[in-house]
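What follows is a short report on a single structure.
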Amino acid sequence: MARPYSIYDVFTNRKLAGNPLAVVFEADDLTDEAMQGIAAEMSLSETVFVMKASNGSHSARVRIFTPARELPFAGHPTVGTAIALAERAYEDGGGNLDLVSVLEENVGPVRCAVRLREGEASFAEFDLPKTSMSYELALDRQGIADALSLKITELGFENHAPSIWSAGVPFLLVPVHNLSAVERVDFDPQLWERTAPLCEGGLTSAYVYCRGGVHHGARFHARMFSPDMGISEDPATGSAVAALSGAIRHFDALPDGHHPMMVEQGVEMGRPSYIHLHIDAKDGEISRARIGGQAVRFASGVLDI
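Residue numbers (this note's numbering): 1297 to 1601.
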């Protein structure tokens, strides 16, 4: 059976940057095995399969696969799919539009706002379906440093220390001193698999970050590595930024109010990505958080499966 698909570059306003995403439409009749096989064949960080929503007021049912396994939630697939569905629905034009959609993901319904503008890359943002929470697990700091090819003294900055956080997908967040240290990371997946703890049924992925960035507007600069997901390095990881929101609130003791910030990723891969994070803090906790970014369609075609 022929079914349409598109590839979007996400968290960027230009093609061949950001994080590529495959969106497969009309996927209702595909088996789990077929979806996993297609994701492996695509060999992108994630491939999304779009189906009819179970709730008539929602836009679509969405399943997200890495080359190795299915995820309950992920950021760049949510942004990319929301934009892909909006552009597909209004492909004949319609001027400047602001839309709201709800995607049914395994983590639950995810509310998205989409902005379509003539002559510009489309933008989408979504409310985090779960607030980031921490896991108190023993961490081997020397083992972490060795897996990243860094000195143990390069781990941490200010109040930030290695810790595990999850807003649907767990990450071992590793703060390091500066941009130079992040750039010098040489990730060893075998050492990581021996060092990183299991959490929520899988091996935690490495999310290495520091303050600042190459882009003048970046508050944080990051890289992500995930042997468990079959991803050697990811150009942009919205679910990791979702997890990072909890660490930022905790370590930086955010005061009450609205805190917008941008996280850059993928620079070392030649695919710079810019993830917009908004945190609303109240009484020392996160009352609301959103993640957003732009996306551009790179290719469209038909799968013969």
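Where a beta carbon is used, it is the ideal one built from N, C-alpha and C, also for glycine. Please read these numbers as outputs of a predicted model, since none were measured by experiment.
Measure the Cβ-Cβ separation of residue i and residue j and say whether it is below 8 Å.
i: D1654; j: V1592; result: The requested residue 1654 is not part of the displayed model; the chain covers only 1297 to 1601.
i: G1542; j: W1461; result: yes
i: A1477; j: C1506; result: yes
i: L1340; j: A1313; result: no
i: F1422; j: I1571; result: no
i: R1403; j: G1464; result: One point to set straight first is that residue 1403 is Val, not Arg, in the sequence displayed. Contact flag set, yes.
i: V1358; j: E1416; result: no
i: I1601; j: I1334; result: yes
i: V1396; j: A1409; result: yes
i: P1316; j: F1594; result: yes
i: H1456; j: P1471; result: yes
i: P1425; j: F1483; result: no
i: A1292; j: S1428; result: It is not possible to answer for residue 1292, since the shown part of the chain is limited to 1297 through 1601.
i: V1481; j: A1298; result: no
i: L1468; j: P1458; result: yes
i: H1517; j: L1573; result: no
i: E1342; j: P1373; result: yes
i: M1331; j: F1307; result: no
Kindly identify the DSSP beta-bridge partner or partners of residue i.
i: V1375; result: DSSP output for V1375 lists no bridge partner at all.
i: P1300; result: V1598
i: Q1561; result: A1518 and S1569
i: L1393; result: L1412
i: F1453; result: H1456
i: K1578; result: E1581
i: R1437; result: For R1437, which the question treats as bridged, DSSP gives no partner whatsoever.
i: E1342; result: L1317
i: I1587; result: F1422 and L1573
i: H1555; result: I1575
i: P1466; result: S1462
Taking its Cβ as the centre, do 16 or more other Cβ atoms sit within 10 Å of residue i, making it buried, or is it exposed?
i: R1413; result: exposed
i: E1454; result: exposed
i: E1560; result: buried
i: I1575; result: buried
i: G1391; result: exposed
i: V1510; result: exposed
i: S1350; result: exposed
i: H1512; result: exposed
i: H1555; result: buried
Based on Cα-Cα distance, which residue from the options lies nearest to residue i?
i: D1552; options: V1537, Q1590, G1562 and R1584; result: R1584
i: S1355; options: V1406, A1539 and A1518; result: V1406
i: F1345; options: R1384, Y1301 and Y1386; result: Y1301
i: V1563; options: K1348, E1479, H1473 and A1298; result: E1479
i: Y1565; options: E1387, E1366, R1519 and M1338; result: For clarity, residue 1565 is Met in the given sequence; the question names Tyr instead. Measuring from the Cα of M1565, the nearest candidate turns out to be R1519.
i: D1579; options: M1558, N1351, R1545 and R1411; result: R1545
i: C1495; options: G1513, H1554, A1514 and E1432; result: E1432
i: V1504; options: H1512, G1513, P1493 and S1522; result: S1522
i: A1434; options: P1493, T1449 and G1508; result: P1493
i: I1582; options: A1382, K1348 and F1547; result: F1547
i: T1327; options: M1347, I1303 and D1524; result: M1347
Contact between the stretch 1438-1449 and the stretch 1488-1502 (3+ Cβ pairs under 8 Å)
yes
Count the CB pairs spanning the stretch 1528-1535 and the stretch 1564-1580 that are closer than 8 Å, and state whether there are at least three.
yes
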